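Numbering (my numbering), first residue to last: 2 to 286. Note that the Cβ used here is the ideal one computed from N, Cα and C, for glycine as well. It should be emphasised that the depicted structure is a prediction, and the values quoted were computed from it without experimental measurement.
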Ligand SMILES: [Zn+2]
């Protein structure tokens with residue numbers, strides 16, 4: 002069963018709770034918000050937040066197998082630093098898709114007022130390792146982080162999956178917000194992107210994973226999205242189109258805004274960076 006809120010459900014809630022529309026009553030000042038910021042906070046609802054965006058893989062990682070294949074500790078087991086990622090049958094790479102969607106998502110989030118931390122700054126580099134990517138988010142104390150991917154699944158399977166962490170001690174303090182974020186992302190991405198939930202991975206678009214460095218080592222609310230299946234012809238036609246990539250980025254930004262908005266309204270000004278302690282350890286030397 003797919004649990005998707007009725008269209009406009011959370012929008013309705015926001016609208017009905019918007020006292021700004023009743024102009025007659027003098028507004029009670031909200032703690033931590035300077036006078037005159039009401040309009041600004043509506044225009045930049047994510048002001049004061051920090052978001053981590055990880056475009057999975059990298060465009061030239063294939064050129065340095067000894068680096069990409071060296072082993073790292075992912076919190077539960079040894080795995081390779083990264084992989085090259087998958088590609089469509091036509092040769093369009095996952096690394097390029099991930100970069101395009103991440104770049105657009107970052108632009109959307111900045112327009113909403115967020116500061117964005119990226120793990121790579123183009124699609125012509127090598128790495129970094131998956132452990133370094135999550136360490137970047139932990140060090141920056143981002144309020145939420147997302148790794149953007151597209152899957153190399155069975156050609157007959159369609160759709161997207163959100164991979165969420167499983168408690169392992171390191172990440173235990175952020176399991177609940179990570180699951181809340183994953184559920185919001187599943188609902189909003191499913192509603193706005195036009196991509197169906199996966200027919201071959203997870204349940205209703207959600208899949209807990211305990212063998213990925215990001216999930217295992219995170220100290221911030223975190224998820225990974227497989228935006229579709231690059232090996233499926235129908236999904237590939239979408240994933241390679243600029244229109245779908247913009248729609249995917251808009252859906253992801255909307256989900257992040259939905260996750261962070263209660264925080265921006267009630268908490269961000271008082272405690273902007275209080276989710277999880279510092280990441281001191283990433284992997285044994
Ligand atoms: Zn990937």
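| Query | Result |
| --- | --- |
| Residues in the same chain with beta-carbon distance under 6 Å from residue 203, minus the five sequence neighbours each way, listed in chain order, please. | 162 |
| Taking the alpha helix (DSSP H) that residue 148 falls in, what are its first and last residues? | No alpha helix (DSSP H) holds residue 148; the beta strand (DSSP E) holding it covers 145-152. |
| Just tell me which of 110, 105 and 169 has its CA closest to the CA of residue 51. | 110 |
| Return the chain-ordered list of same chain residues with a C-beta closer than 8 Å to the C-beta of residue 81, the five sequence neighbours on each side being excluded. | 69, 70, 71, 72 and 73 |
| Can residue 151 and residue 99 be called in contact, C-beta distance under 8 Å? | yes |
| Determine the extent of the alpha helix (DSSP H) in which residue 81 is found, giving its start and end residues. | Note, residue 81: premise wrong, no alpha helix (DSSP H); beta strand (DSSP E) at 79-81. |
| Hey, is residue 57 close to ligand 1, as in C-beta under 7 Å from one of its heavy atoms? | yes |
| Any idea what DSSP makes of residue 102, helix, strand or coil? | helix |
| In angstroms, rounded to a whole number, what distance separates the CA positions of residue 137 and residue 219? | 10 Å |
| Within a Cβ cutoff of 6 Å, which residues of the same chain sit near residue 55, ignoring the five residues on either side of it in sequence? | 120, 134 and 148 |
| Do you know whose CA, among 153, 190 and 260, lies nearest residue 181's CA? | 260 |
| What span of residues does the alpha helix (DSSP H) with residue 136 cover, start to end? | 131-141 |
| Residue 71: beta carbon under 7 Å from a heavy atom of ligand 1? | no |
| Output the residue ranges of the beta strand (DSSP E) runs that lie fully inside the segment 188-244 and measure 3 residues or longer, sorted by chain position. | 207-210 and 223-230 |
| Rounded C-beta distance between residue 87 and residue 95? I'm assuming under 8 Å. | 5 Å |
| If residue 214 sits next to residue 131, beta carbons under 8 Å apart, how far is it from one beta carbon to the other, in whole angstroms? | 4 Å |
| Along the beta strand (DSSP E) that carries residue 73, what are the first and last residues, could you check? | 72-74 |
| Are residue 175 and residue 223 closer than 8 Å when you measure CB to CB? | yes |
| Our contact map puts residue 113 next to residue 254 with C-beta atoms below 8 Å; I'd like the distance itself, whole angstroms only. | 7 Å |
| Report back the beta-carbon spacing between residue 225 and residue 115 to the nearest angstrom; my notes put them in contact at under 8 Å. | Actually they are not in contact, since the Cβ atoms of residue 225 and residue 115 sit about 19 Å apart, beyond 8 Å. |
| Please return the same chain residues whose Cβ sits closer than 6 Å to the Cβ of residue 1, not counting the five positions on each side in sequence. | Lying before the first or after the last residue shown, residue 1 is absent from the chain, which here runs from 2 to 286. |
| Does the Cβ-Cβ distance between residue 77 and residue 217 come in under 8 Å? | yes |
| For residue 47, does the three-state DSSP call read helix, strand or coil? | coil |
| Exposed or buried, which one is residue 122 when buried takes at least 16 other CB atoms within 10 Å? | exposed |
| Enumerate in chain order the residues of its own chain whose CB-to-CB distance from residue 237 is below 6 Å, with the five nearest sequence positions on each side excluded. | 89 and 231 |
| Please classify residue 88: does DSSP put it in a helix, a strand, or coil? | strand |
| How many angstroms separate the CA atom of residue 199 from the CA atom of residue 208? | 10 Å |
| Would you check whether ligand 1 has a heavy atom nearer than 7 Å to the C-beta of residue 142? | no |
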